[in-house]
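Numbering (the numbering used here), first residue to last: 45 to 137.
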């Protein structure tokens, strides 16, 4: 019976991890759309160059705080799911 509870918790944790990833993906796409709406170079830079999207968020905080916040929520949900999975992983030998 305890194994069934553990399996249900693992499934729930994996679902939570996946939902967090989808939320974060939605926030990332939304942020990319906002960057392209500002200027095509901001969009291309955010898409192709590392950390340009972070610079965009800092410079255009009033336009980008909602998608950035959605990304953060997604990351936090994923971390929560991972922390629920972590105790059941086998220890390294």
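Using N, Cα and C, we set each Cβ at its ideal position, and we do this for glycine too.
Under the Cβ criterion (8 Å, minimum of three pairs), the stretch 68-81 counts as touching the stretch 91-107. With contacts defined by Cβ atoms closer than 8 Å, residue 67 and residue 123 do not form a contacting pair. Counting C-beta atoms within 10 angstroms of its own C-beta, residue 95 has fewer than 16 neighbours from the protein chains shown and is therefore classed as exposed.
For residue 134, the number of other beta carbons within 10 angstroms of its own is below 16, and it is reported as exposed.
For residue 137, the three-state secondary structure derived from DSSP is coil.
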